[in-house]
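The letter at position 48 of the sequence shown is residue 909 when you use my numbering, and the numbering goes up by one with no holes.
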Amino acid sequence: MDQAYLECITMNLLSNVPLNCTCPDILSLKGGGNNRVFRVKVNGDSYLLKSYFCHPLDPRDRLETEFRFIDFACENGIQCVPKPIALDRKHQMALYQFVEGKQLTDSEITALKKILIGITVVGKDKEGIVSNFKNFDLERKVNLEPVSYKPLTLP
């Protein structure tokens, strides 16, 4: 994506934010998986511009789903997510509050994936089931070590 294109979309997304700026500073960030992410600096404030991956054979609306979920979370007092600012359905981009952080290591990413798989499969981890997945192969979704855990009893 060229810089002028990103600047134009960013300024449109920022149109509801009271700014006195004609040219945002846009920096491409590493990561993002299928999506492209950019740090936008305007008058000392930082935003995250996210360009969502779309494929004609994939009917999922990733932009709408993520933006609405984060908006719902913010409106219900969850403060550990970035505030959604605006979205552009035509260009499949959204602007969020920028949250400072650090790049996760491969081992941190693997640990998070294990937790998410456990939550997806189990729904809860009251019994510590996720911690039993010591050597989980994320590609094949199989545990490479025997797992012993007590049966899960739901309330």
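From the three backbone atoms N, C-alpha and C, an ideal C-beta is built for every residue, glycine too.
Residue i, DSSP secondary structure in three states
i: R897; result: strand
i: Y913; result: coil
i: A865; result: helix
i: K902; result: strand
i: L977; result: helix
i: V1008; result: The pLDDT assigned to V1008 is 44, lower than 50, so where the model puts this residue is not dependable, and the model offers no usable value.
i: R923; result: helix
i: N877; result: helix
i: C884; result: coil
i: C941; result: coil
i: E936; result: helix
i: T966; result: coil
Span separating the alpha-carbon of residue i from that of residue j
i: F899; j: Q864; result: 11 Å
i: D967; j: E925; result: 29 Å
i: K974; j: R923; result: 19 Å
i: L906; j: E936; result: Going by the sequence as given, residue 906 is Asp instead of Leu. Near 22 Å, if we compare the C-alpha coordinates of E936 and D906.
i: P885; j: L874; result: 12 Å
i: M954; j: L888; result: 15 Å
i: L956; j: L909; result: 6 Å
i: R950; j: E969; result: 32 Å
i: C869; j: H952; result: 11 Å
i: V903; j: Q958; result: 12 Å
i: G938; j: T871; result: 27 Å
i: L890; j: V901; result: 10 Å
i: Q827; j: G892; result: Because the chain here runs from 862 to 1016, residue 827 falls outside it and cannot be looked at.
i: D919; j: I976; result: 26 Å
i: A972; j: G894; result: 17 Å
i: G962; j: P917; result: 33 Å
Contact set for residue i: own chain, Cβ-Cβ below 6 Å, skip 5 residues either direction
i: V960; result: P943
i: L867; result: I887
i: I978; result: none
Integer-rounded CB distance, given that residue j should sit under 8 Å from residue i
i: N896; j: S876; result: That pair is no contact at about 23 Å.
i: V878; j: I946; result: 7 Å
i: F928; j: L948; result: 5 Å
Identified DSSP bridge partners for residue i
i: L956; result: L910, A947
i: L890; result: V898
Same chain, Cβ closer than 7 Å to residue i, neighbours up to 5 away in sequence not counted
i: C915; result: Q953
i: C941; result: none
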